[in-house]
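Enquirer: Going by UniProt numbering, the letters in the sequence shown line up with residues 1 to 935, in that order. Just so you know, even glycine gets a beta-carbon here, dropped at the ideal spot from N, CA and C. What you are looking at is a predicted structure, and each value in this text was computed from that prediction instead of being measured. The structure that follows is given in the form of structure tokens.
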Amino acid sequence: MAASIQICEHVKPENLRTPKYNSSVYREDCTRCFDSIDDEGGLDVCLRCWNGGCTGRNDHSHDHYENFHHPLVLNIRRVRKVIERDEPPLKISKLAIEAETEADRYDNILTVRCLVCGQKELDKTDSRIAPVVDHIMTADAYAKKQEILAWQMDLEPCEHVNKLVEGPVEKFPPLEEHCNNCDLKANLWLCLECGNLGCGRAQVGGADGNSHGMAHYEETGHGVAIKLGSLSEDRVPDIWCYTCNEDRIHNNIMAFLRNKGLNPAHRQSTEKSQIEMNIEQNFGGFNFSMTGGDGTESTPLFGPGLTGLRNLGNTCYFASILQCLFDMPSFQKRFNLPTNGKKKKPAQDLETQLRRMANGLLSGRYSKEDPDVEITEHSSGVRHQKGLAPVMLKHLIGKGHEEFSGMKQQDAQELMQYLLDKISRLKHPSELGGDPAQPMRFVMEQRLQCQECKRVRLKPMVQENVFINVPAEKLPLEDGEEKQKYKPYTLKECLDILTAPEEVEFRCTACPSRSFTKRELFKTFPQVLVVVARKYVTNNFTGQSEKVEVPVIVGDETFGMDDSYFSKGLQPGEEPLPEEAEAAPPQSAPEAAAPKPAPEPTEPAFEPDPELLGTMLSFGFEEGHATRICYEIKNKGGVEAALAWAEDHANDADYTDSLEQVLAKKSVAAEPMEVRTTAGPSAKEQKQREKAEKEEQIDMFMMMLDGQITREQATKAIAKLGGADNAMNWIFSNGVENLDAELAKYPDAQPDADDAESSAEDEDSNGEEQQPAVGNLVPGSDERPALYQLQSIVCHKGPSINSGHYVAFIRKEVDREKIWVLFNDEKVVRAVDAEEMKKTAYVYFFTRESYGAALMDKNDSELLEMLNGVKTKLIAANRKLELELIVELTNVNRKLMDEIRRIRGSSPNPSESESGLDEPPETELSSSVMETELS
Numbered sequence: 001m002a003a004s005i006q007i008c009e010h011v012k013p014e015n016l017r018t019p020k021y022n023s024s025v026y027r028e029d030c031t032r033c034f035d036s037i038d039d040e041g042g043l044d045v046c047l048r049c050w051n052g053g054c055t056g057r058n059d060h061s062h063d064h065y066e067n068f069h070h071p072l073v074l075n076i077r078r079v080r081k082v083i084e085r086d087e088p089p090l091k092i093s094k095l096a097i098e099a100e101t102e103a104d105r106y107d108n109i110l111t112v113r114c115l116v117c118g119q120k121e122l123d124k125t126d127s128r129i130a131p132v133v134d135h136i137m138t139a140d141a142y143a144k145k146q147e148i149l150a151w152q153m154d155l156e157p158c159e160h161v162n163k164l165v166e167g168p169v170e171k172f173p174p175l176e177e178h179c180n181n182c183d184l185k186a187n188l189w190l191c192l193e194c195g196n197l198g199c200g201r202a203q204v205g206g207a208d209g210n211s212h213g214m215a216h217y218e219e220t221g222h223g224v225a226i227k228l229g230s231l232s233e234d235r236v237p238d239i240w241c242y243t244c245n246e247d248r249i250h251n252n253i254m255a256f257l258r259n260k261g262l263n264p265a266h267r268q269s270t271e272k273s274q275i276e277m278n279i280e281q282n283f284g285g286f287n288f289s290m291t292g293g294d295g296t297e298s299t300p301l302f303g304p305g306l307t308g309l310r311n312l313g314n315t316c317y318f319a320s321i322l323q324c325l326f327d328m329p330s331f332q333k334r335f336n337l338p339t340n341g342k343k344k345k346p347a348q349d350l351e352t353q354l355r356r357m358a359n360g361l362l363s364g365r366y367s368k369e370d371p372d373v374e375i376t377e378h379s380s381g382v383r384h385q386k387g388l389a390p391v392m393l394k395h396l397i398g399k400g401h402e403e404f405s406g407m408k409q410q411d412a413q414e415l416m417q418y419l420l421d422k423i424s425r426l427k428h429p430s431e432l433g434g435d436p437a438q439p440m441r442f443v444m445e446q447r448l449q450c451q452e453c454k455r456v457r458l459k460p461m462v463q464e465n466v467f468i469n470v471p472a473e474k475l476p477l478e479d480g481e482e483k484q485k486y487k488p489y490t491l492k493e494c495l496d497i498l499t500a501p502e503e504v505e506f507r508c509t510a511c512p513s514r515s516f517t518k519r520e521l522f523k524t525f526p527q528v529l530v531v532v533a534r535k536y537v538t539n540n541f542t543g544q545s546e547k548v549e550v551p552v553i554v555g556d557e558t559f560g561m562d563d564s565y566f567s568k569g570l571q572p573g574e575e576p577l578p579e580e581a582e583a584a585p586p587q588s589a590p591e592a593a594a595p596k597p598a599p600e601p602t603e604p605a606f607e608p609d610p611e612l613l614g615t616m617l618s619f620g621f622e623e624g625h626a627t628r629i630c631y632e633i634k635n636k637g638g639v640e641a642a643l644a645w646a647e648d649h650a651n652d653a654d655y656t657d658s659l660e661q662v663l664a665k666k667s668v669a670a671e672p673m674e675v676r677t678t679a680g681p682s683a684k685e686q687k688q689r690e691k692a693e694k695e696e697q698i699d700m701f702m703m704m705l706d707g708q709i710t711r712e713q714a715t716k717a718i719a720k721l722g723g724a725d726n727a728m729n730w731i732f733s734n735g736v737e738n739l740d741a742e743l744a745k746y747p748d749a750q751p752d753a754d755d756a757e758s759s760a761e762d763e764d765s766n767g768e769e770q771q772p773a774v775g776n777l778v779p780g781s782d783e784r785p786a787l788y789q790l791q792s793i794v795c796h797k798g799p800s801i802n803s804g805h806y807v808a809f810i811r812k813e814v815d816r817e818k819i820w821v822l823f824n825d826e827k828v829v830r831a832v833d834a835e836e837m838k839k840t841a842y843v844y845f846f847t848r849e850s851y852g853a854a855l856m857d858k859n860d861s862e863l864l865e866m867l868n869g870v871k872t873k874l875i876a877a878n879r880k881l882e883l884e885l886i887v888e889l890t891n892v893n894r895k896l897m898d899e900i901r902r903i904r905g906s907s908p909n910p911s912e913s914e915s916g917l918d919e920p921p922e923t924e925l926s927s928s929v930m931e932t933e934l935s
């Protein structure tokens, strides 16, 4: 074996880098596809930047080298151990989580290779290589690291922890390093009030415990303890409040422990934290069955477009929305593309991760049975998929968002709206189909009409979904029933409620009346109509809204959106409601002498938190850089916030700048404070303010039209057609192609001197005119009727949209049959009771009939062959009809000539030459002629 170990000239310091505590190490999955360490070729982890690259068909590992010239990699191949179980797993309770490690379940085969020298095995014990390999294998993998941070974000301090940490401090007695009541040396919990060391509860399949920590709480009332084995300088320790029976956190816990005489810097964590064991329990475990009402097991499905998503812990809302969006042809066309290997950090690039997700869900490469599922007499006997873990994409979507960055259940509809907004901000080349959310967009028009003067105001609004409020009408309980049932409503009834007129109070700008009718109708119809069903009742005791299961009846057949849902705009004889009268500018008082500017207060010198600064220095940060990070987070949030800021801004151009450099740049870029007189804004200032407001109105107008008219057209339309709303209504009713002709009917207003000067400045600063975009003028289409068919649904069960469980149902073609498929996290099965689920759905996706045809895979050779066959038969049938018609006409012509001859035969002196008619052949055409022609 030693003879195969190679010496490589590329083993140099510049090609090796040891990861730190806050480094992202991608040692489980490829960052550009879902190939992993479980595949035959394993995963290559770059020893320079710790990127994970696959070695299979895509060979993203070698692609990474070609782009960034990092030659050395650690190949990790994971092999499952065979574990024999005679009994089913025990039920697990809180604080008694199985402490089975990855080493208990897998063997890792490690090889260090150089991609330049070829398939060489390098010496892992080399003093230059060994530390890097050790840190890579002991560091938290990216998926686990992100989940730990997400769980920590959901932890909160409580009054018991706050009172203790912020109160008077006394030193702990010397620690014995074992339970004060028994000899256990692991699973120890240190009382933060008196320093008692007691063992925890016994862990299923893990560490022993005699619950002496709990006994100490019951005896003394000391309710806050810290897990001794989780204590170290570079991680967040476990804090448990027995009074609340919950995990807790406190930013100043490290300083508190030092004051108590226990220095975390002198300790090394020896046990998994509760968060880590929670995560392992979420990822691991045994398969559970999914059965129909008759007890039969649902049939697992595998293949392209039938890939599940693993639940990372309350992420079913995220998985369900992804499944429905990537079922849309626009998302498939836009993102089912090769990833860009030139991205230095593909895991942190949203475009790359969306393409990675599209390939994972649609290719079918990962839609296969999970070999790790144990089939025993205690299990269901069915192997489902392992599922894709969308860790990288979820981190990017939730980054900086208070709700979506954590691990609590969230509203699927809110996630969809937030995700579409982030996706729309990406660059979308026209050759890739443009913005994939565009087919979901349409225009709703709000119509306000005064009941007194009958004037009308129309307000168009671009939307991506509609909300229907489903009435919650209780049905009488039958004998023996306990659960309340509600009257079902059809989708049409809900849409009728949405578009019905209602009485509102609104101040009329043309008369004294305040009585109005309001109605919202469709101005255009989208290609994909997304309907969100709101089903709430108010709890009479709490006053809070509660979700109820009101059935909404939706069939598989198409339904039409006709003129009854369409806004016809301003009708003949109707006058538009005038805009609000603009407030007169304040009158200027006599010019007063400008007061002297007050001296600018000097900002006190920033002092970093000594504890936080020391921790950052221990992680290897330079002092100037560490001080700057403390400044950026304002000394708040502790080490977790500091490391999060460092990771989020690692790609910034000024990332390594010290605090002094950052403050110097800010002082240079700062605008001088404007000194105003007490008389209010000057005439010039007022003019500038009005111009800015006008420019903002033009920007909004162009954005509503998706940039499909020039700024000059927008400016003239607003000025000549009576304001932005009236101009928008005219364009919707008459089309942008007729706009220039309409504007030419009005004389051009002469700009004043200030406007002319401003226009000249604008022309000098930007000589390029904005060109109108190519495509539809407004989202959607006004063609009617718009025929829709239900394509997918996100269903929710639970008392609140922020709890319970989400699944997705999607119509798929499986074995040339259209069926409903249930996507329940990683499990993908033939739906057992799709009709019942449709009634209790939360988000409906309907496809327009013309658009639904695009759901077919045009690259399917079998489909193309079938279509070509149908085409051939149609051509043959058409040819046969033509020949039959020729035969019929010919026979009619022959009979006509026979009749002419008979008449001539009875006429005096008939002359054949004078007839002017050609005689047909004596033979009659028959079916044999057609057969010859058809052949």
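Please state the DSSP three-state secondary structure of residue 830.
Expert: Correct three-state label for residue 830: strand.
Enquirer: Distance, Cα to Cα, residue 501 vs residue 529?
Expert: Near 22 Å, if we compare the C-alpha coordinates of residue 529 and residue 501.
Enquirer: Looking at the secondary structure, which residues open and close the alpha helix (DSSP H) in which residue 966 lies?
Expert: The question about residue 966 has no answer here: the residues shown for the chain are numbered 1 through 935.
Enquirer: How is residue 645 classed by DSSP in three states: helix, strand or coil?
Expert: Note: residue 645 maps to helix in three-state DSSP.
Enquirer: At a Cβ threshold of 7 Å, is residue 396 touching chain B?
Expert: Although the question refers to chain B, the structure presented lacks it and comprises just one protein chain.
Enquirer: Between the region 356-367 and the region 402-419, do three or more beta carbon pairs fall short of 8 Å?
Expert: Taking 8 Å as the limit for Cβ pairs, the verdict is that the region 402-419 does not touch the region 356-367.
Enquirer: Cα-Cα, which of 198, 220, 218 and 223 is closest to residue 212?
Expert: Looking at the Cα atoms, 198 is the closest of the given residues.
Enquirer: Could you give the distance in angstroms between the alpha-carbon of residue 348 and the alpha-carbon of residue 51?
Expert: Looking at the two C-alpha atoms, the distance is approximately 11 Å.
Enquirer: In three-state DSSP terms, what is residue 255?
Expert: If DSSP states are grouped into helix, strand and coil, residue 255 belongs with the helices.
Enquirer: Spell out the partners DSSP gives residue 845 in its beta bridges.
Expert: Note: residue 845 sits in a beta bridge opposite 530 and 792.
Enquirer: Return the Cβ separation of residue 576 and residue 570 in integer angstroms, given the expectation that the two are a contact with Cβ distance under 8 Å.
Expert: With a Cβ gap of about 6 Å, residue 576 and residue 570 count as contacting.
Enquirer: From 790, 613, 743 and 537, pick the residue whose C-alpha is nearest to that of residue 470; which is it?
Expert: Here the closest residue by C-alpha is 537.
Enquirer: For a quick check, are the C-beta atoms of residue 804 and residue 812 less than 7 Å apart?
Expert: In this structure, residue 812 does not lie closer than 7 Å to residue 804 by Cβ.
Enquirer: Please work out which residues of its chain come closer than 6 Å, Cβ to Cβ, to residue 160, disregarding the five sequence neighbours upstream and downstream, and give them in chain order.
Expert: Excluding sequence neighbours, residue 160 sits near 223, 224, 241 and 243.
Enquirer: Tell me, please, whether the region 334-350 touches the region 29-43 by the rule of three or more beta-carbon pairs shorter than 8 Å.
Expert: Segments in contact, yes.
Enquirer: So what does residue 189 bridge to, in DSSP terms?
Expert: Its beta-bridge partners are 198 and 227.
Enquirer: Report back the beta-carbon spacing between residue 447 and residue 519 to the nearest angstrom; my notes put them in contact at under 8 Å.
Expert: Contact flag correct, Cβ pair sits at about 5 Å.
Enquirer: Where does residue 504 land, buried or exposed, given buried means 16+ other C-beta within 10 angstroms?
Expert: Exposed, by the Cβ-count rule.
Enquirer: Would you say residue 548 and residue 568 are within 7 Å of each other, going by their C-beta atoms?
Expert: No, the pair does not count as a contact, with Cβ atoms beyond the cut-off.
Enquirer: Determine the DSSP secondary structure at residue 622, reduced to helix, strand or coil.
Expert: If DSSP states are grouped into helix, strand and coil, residue 622 belongs with coil.
Enquirer: Given the structure, does residue 213 come close to the ligand GDP, in the sense that its CB is under 6 Å from one of the ligand's heavy atoms?
Expert: Among the components modelled here there is no ligand, and therefore nothing to report on the ligand GDP.
Enquirer: With DSSP as the reference, label residue 302 as helix, strand or coil.
Expert: Coil at residue 302, not helix or strand.
Enquirer: Quick one, which of 393, 411 and 410 has its alpha-carbon nearest residue 422's?
Expert: Answer by Cα proximity: 393.
Enquirer: With DSSP as the reference, please indicate the residues paired to residue 519 in a beta bridge.
Expert: In DSSP, residue 519 forms a bridge with 447.
Enquirer: Which residue from 230, 616 and 255 puts its Cα closest to that of residue 643?
Expert: It is 616 whose Cα lies nearest to the Cα of residue 643.
Enquirer: Taking the alpha helix (DSSP H) that residue 217 belongs to, which residues open and close that run?
Expert: Looking at the DSSP string, the run of the alpha helix (DSSP H) that includes residue 217 is 212-220.
Enquirer: Note down, in chain order, each residue of its chain lying with its Cβ closer than 8 Å to the Cβ of residue 609, except the 5 sequence neighbours on either side.
Expert: Counting only Cβ-Cβ distances below 8 Å, and skipping sequence neighbours, we find 630 and 635.
Enquirer: From the DSSP secondary-structure annotation, give me the bridge partner or partners of residue 469.
Expert: In DSSP, residue 469 forms a bridge with 534.
Enquirer: Whose C-alpha, out of 565, 489 and 632, is nearest the C-alpha of residue 649?
Expert: Per the Cα distances, 632.
Enquirer: Who are the Cβ neighbours of residue 511 in its own chain at under 7 Å, not counting the five residues just before and after it?
Expert: Answer for residue 511: 450, 452 and 453, listed in chain order.
Enquirer: Using CA atoms only, rank isn't needed, just tell me which of 894, 63, 137 and 442 is closest to residue 524.
Expert: Residue 442 is the option with its Cα nearest to residue 524.
Enquirer: Applying the criterion that 16 or more other CB atoms from any shown protein chain within 10 Å of the CB defines a buried residue, is residue 465 buried or exposed?
Expert: Looking at its Cβ environment, which holds 16 or more other Cβ atoms inside 10 Å, residue 465 is buried.
Enquirer: Report the option in 739, 351, 458 and 301 whose CA atom is closest to the CA atom of residue 826.
Expert: Considering only alpha carbons, the answer is 301.
Enquirer: Give me, in chain order, the residues of the same chain whose beta-carbon lies closer than 8 Å to that of residue 766; leave out the 5 immediate sequence neighbours on both sides.
Expert: Because residue 766 sits at a pLDDT of 34, beneath the cut-off of 50, its placement in the model cannot be relied upon, and the following sentence gives the value as read from the coordinates. So the list is empty, once near-sequence residues are dropped.
Enquirer: Taking the continuous beta strand (DSSP E) assigned at residue 817, which residues delimit it?
Expert: Looking at the DSSP string, the run of the beta strand (DSSP E) that includes residue 817 is 817-824.
Enquirer: Out of 708, 745, 719 and 723, state which residue places its alpha-carbon closest to the alpha-carbon of residue 737.
Expert: Among 708, 745, 719 and 723, the Cα nearest to that of residue 737 is on 708.
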